[in-house]
Amino acid sequence: MPGAAARSEHMRSAMKLENGEVLREFEIRDVSTPDHPNEVFDSYCPDADGRLRRFHRHITDSRKAWESSCIVMDGAERLGTGEDPRAFVWNGSLCLSAGTFSVGHGFLNRLYIHDARRWITLIPPKRIAPGKNWMPFVHDGNLCFIHALSPFRVLRARPFSPDDGYALLDIVAEHPIDVPLSHDRFPILRGGSNALQVGGEIFAFGHTNVRTGEAEDTIEHRPFAIVYRPGERVSYYRVDHGFHPAYRLV
10 MPGAAARSEH
20 MRSAMKLENG
30 EVLREFEIRD
40 VSTPDHPNEV
50 FDSYCPDADG
60 RLRRFHRHIT
70 DSRKAWESSC
80 IVMDGAERLG
90 TGEDPRAFVW
100 NGSLCLSAGT
110 FSVGHGFLNR
120 LYIHDARRWI
130 TLIPPKRIAP
140 GKNWMPFVHD
150 GNLCFIHALS
160 PFRVLRARPF
170 SPDDGYALLD
180 IVAEHPIDVP
190 LSHDRFPILR
200 GGSNALQVGG
210 EIFAFGHTNV
220 RTGEAEDTIE
230 HRPFAIVYRP
240 GERVSYYRVD
250 HGFHPAYRLV
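Here is the structure:
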């Protein structure tokens with residue numbers, strides 16, 4: 010995609026949505042402890058038997074949430090450390106991707122394959138930064154990730170051996186889309202859900218990151234839609250919905 014054309018596509022017309030229901034509200038006010046954890050970021054996906062499985066992030070100490078998070082399935086089974094799981098199906102198995110953070114080492118991105126009950130470490134090219142908002146999707150049977158939205162960048166996993174605990178990733182698309190920067194000097198458009206292939210297009214929701222004041226509690230997340238046709242174009246669509254100010258992180 011030519012750079013100028015890509016930039017002109019960065020945020021297209023509004024997308025009308027109606028708020029039918031709030032799946033779950035949560036507000037973190039108290040420091041979480043092992044007997045009073047914070048459980049956030051629900052992610053649901055049906056398994057091969059059609060049973061809807063739930064994954065969430067379990068925080069045992071909100072003072073250091075990055076380091077005290079684990080991923081729990083169906084409210085009971087602890088799968089391993091990590092943040093904000095994105096669940097999807099690949100090669101017939103329920104899977105999820107998640108980042109985990111350690112002070113002094115930064116983020117590590119991993120893939121969980123439920124049928125094999127194992128984690129795979131995802132290794133991107135050297136110039137690619139890890140992070141927690143990678144968006145997994147399956148394109149024509151290949152495992153891919155939307156790594157960034159400005160520039161728009163897609164990674165694809167190479168075939169990996171069942172004897173290895175890692176998978177190498179390659180850049181298969183990179184388009185120079187320019188968007189404004191947020192308070193943290195990263196683009197305001199961030200990753201969100203897993204993505205789905207619908208016909209010849211990849212569809213997903215991301216979130217904006219905007220701080221309306223000086224304090225951290227003025228940060229707002231608002232959804233936007235991503236439509237990607239591999240090798241042809243990518244478009245971002247605003248969600249035209251008046252979210253109540255009480256819902257800061259949507």
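FYI, in the numbering used here the residues of the sequence shown are 10 to 259. Note that CB positions come from ideal geometry on N, CA and C, so glycine has one too. Please read these numbers as outputs of a predicted model, since none were measured by experiment.
Going by beta carbon distance, what residues of the same chain come within less than 7 Å of residue i, once the five residues before and after it are set aside?
i      : result
PRO254 : none
ASN218 : SER191, ILE197, ARG199, ILE228, HIS230
Give every residue of the same chain whose Cβ lies closer than 6 Å to the Cβ of residue i, excluding the five residues on either side of it in the sequence, and list them in chain order.
i      : result
GLY91  : ILE80, ALA107, THR109
ALA14  : Any reading at ALA14 must be qualified, since the residue scores a pLDDT of 45, below 50, and its modelled position is unreliable; the value itself is stated next. Around ALA14: no qualifying Cβ.
ASP124 : SER102
ILE122 : SER102, CYS104
PRO189 : ILE197
In the DSSP assignment, find the unbroken beta strand (DSSP E) run with residue i in it and report its ends.
i      : result
ARG95  : 92-99
PHE116 : 115-122
GLY215 : 210-217
LEU105 : 102-111
ILE80  : 78-82
List the whole-angstrom C-beta distance separating residue i from residue j, where the pair is believed to meet the contact cut-off of C-beta under 8 Å.
i      : j      : result
ARG95  : SER202 : 7 Å
ILE211 : TYR237 : 4 Å
TRP7   : VAL147 : Past the edges of the chain, shown from 10 to 259, lies residue 7, and the structure says nothing about it.
ILE68  : SER78  : 5 Å
ARG66  : ASP93  : 6 Å
For residue i and residue j, I'd like the C-alpha separation in whole angstroms.
i      : j      : result
TYR245 : LEU258 : 19 Å
VAL40  : ASP149 : 44 Å
ALA23  : PHE233 : 9 Å
GLU183 : PHE154 : 12 Å
TYR5   : ASP226 : This structure leaves residue 5 out entirely; the chain is present only between 10 and 259.
PHE252 : HIS216 : 13 Å
PRO239 : LEU61  : 29 Å
ASN47  : ILE37  : 7 Å
GLY208 : LEU120 : 25 Å
ARG126 : SER111 : 23 Å
GLY12  : THR42  : For GLY12, the predicted structure reports a pLDDT of 42, less than 50, and the residue's modelled location is therefore unreliable. A value from the coordinates is still provided. Those two C-alpha atoms are separated by around 49 Å.
LEU164 : ALA213 : 16 Å
PRO145 : ARG87  : 21 Å
> Is there contact here, the region 127-139 with the region 112-119, by at least three beta-carbon pairs under 8 Å?
Replying inline: yes
> Counting pairs of beta carbons, one from the region 165-174 and one from the region 128-136, are three or more of them closer than 8 Å?
Replying inline: yes
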